[in-house]
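See structure below.
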Amino acid sequence: MLLNPSIFLVQMDELFSQRASIDLTEAGYNPVIIPHSKQALIEVEKQQPAMILIDRQRAGNFGFTLCQEIRQQGNQVLIIMVVDRETLEERVACLEMGADDYLLQPYRSETLLKLVRFYLTPPETNQEQLQFGEVILDLTTRQLLLNHKAINLTMKEFELLKYFMSYPREVLSRDKILEQVWGYDFQGESNVIEVYIRYLRLKLESEGHKRLIHTVRGVGYVLREG
């Protein structure tokens, strides 16, 4: 990891900025508060941050415009949208605009630092994998491997697939999935699992593979063949 990599906090409310700045500094990062999304594009070119957090509600359409402009320049800096609700529509909007992932309000130190470390901590040299049929989950690079092709996963996609692959052919209840992947303090919307299952299926089936994550009505989901 780079020495004190910079993390931009773009158009965040004052409380979020203050708390995040303290937590990120203590964790060895260099938080940079940028009050307006218009200013952020200039600073991205100057400072080359490792990650950018954008407040989806406060920045509004300017936040999406910033994402698009950064991507149009060919810059692959990590972009995280901070949102106040976790729905399929919100997730689709964020990803289509070029964001890599999103962080759910309200602010929680452990949630922010877990996400930052997931994306910014370099892979370990020890290679560890989970395999189910032709599906391989590389635990060091945190990538999904299909036919030797690497597919990037968001933090929650990775954690969810890892949980399924740790218990293949076992029916996992929605409550158990929420507990193991999101934690006891989950405060998102009730359809969050469906949101991530949909995206995992798209990635797992992208090469014409048969469906592996199946819905068990009234119970939850299971990873199995056919």
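In short: position in the sequence shown from 1, add 694, done, that's our numbering.
Ideal Cβ placement from N, Cα and C applies to all residues, glycine included.
Being a predicted model, the structure only gives us computed values, none of them experimental.
- prompt: From what residue to what residue does the alpha helix (DSSP H) around Ser711 run?
  reply: 708–720
task: Look at the Cβ atom of Ser715, then the Cβ atom of Pro725, and state whether they are nearer than 8 Å.
output: yes
- prompt: Can you list the alpha helix (DSSP H) stretches of 4 or more residues lying completely in the stretch 773–829, in chain order?
  reply: 782–790, 803–814
- request: Just mark Ser731 as buried or exposed, buried being the case when its beta carbon has 16 or more other beta carbons within 10 Å.
  value: buried
query: With a CB to CB cut of under 7 Å and the five nearest residues on each side skipped, what residues in its chain are close to Glu790?
result: none
task: Please work out which residues of its chain come closer than 8 Å, Cβ to Cβ, to Ile907, disregarding the five sequence neighbours upstream and downstream, and give them in chain order.
output: Phe858, Ile891, Leu894, Arg895, Leu898, Tyr915, Val916, Leu917
query: What is the rounded straight-line gap between the Cα of Glu864 and the Cα of Val910?
result: Here the alpha carbons of Val910 and Glu864 stand approximately 11 Å from one another.
- request: Look at the alpha carbon of Ala670 and the alpha carbon of Leu855, and state the distance between them as a whole number of angstroms.
  value: The chain is shown only over 695 to 920; residue 670 falls outside these bounds and no answer can be derived.
- request: Consult DSSP for Tyr893 and reduce its assignment to one of helix, strand or coil.
  value: helix
Cα-Cα separation between Ile746 and Gln874, rounded to whole angstroms: 27 Å
- prompt: What does a CB cutoff of less than 7 Å around Asn846 pick up in its chain, not counting 5 residues either side in sequence?
  reply: Gln837
field: Cβ-Cβ separation, Ile748 to Gly757 (assumed contact under 8 Å), whole Å
entry: 4 Å
field: Of the residues Met706, Arg750, Ile830, the one placed nearest Lys843, counting alpha carbons only
entry: Ile830
task: Compute the Euclidean distance between the alpha carbons of Ser711 and Phe826, then round it to the nearest angstrom.
output: 42 Å
message: Taking 8 Å as the threshold (beta carbon to beta carbon), is Asn755 in contact with chain B?
response: This model lacks chain B altogether, as it is built from one protein chain only.
task: Report the three-state DSSP secondary structure of Gln705 (helix, strand or coil).
output: coil
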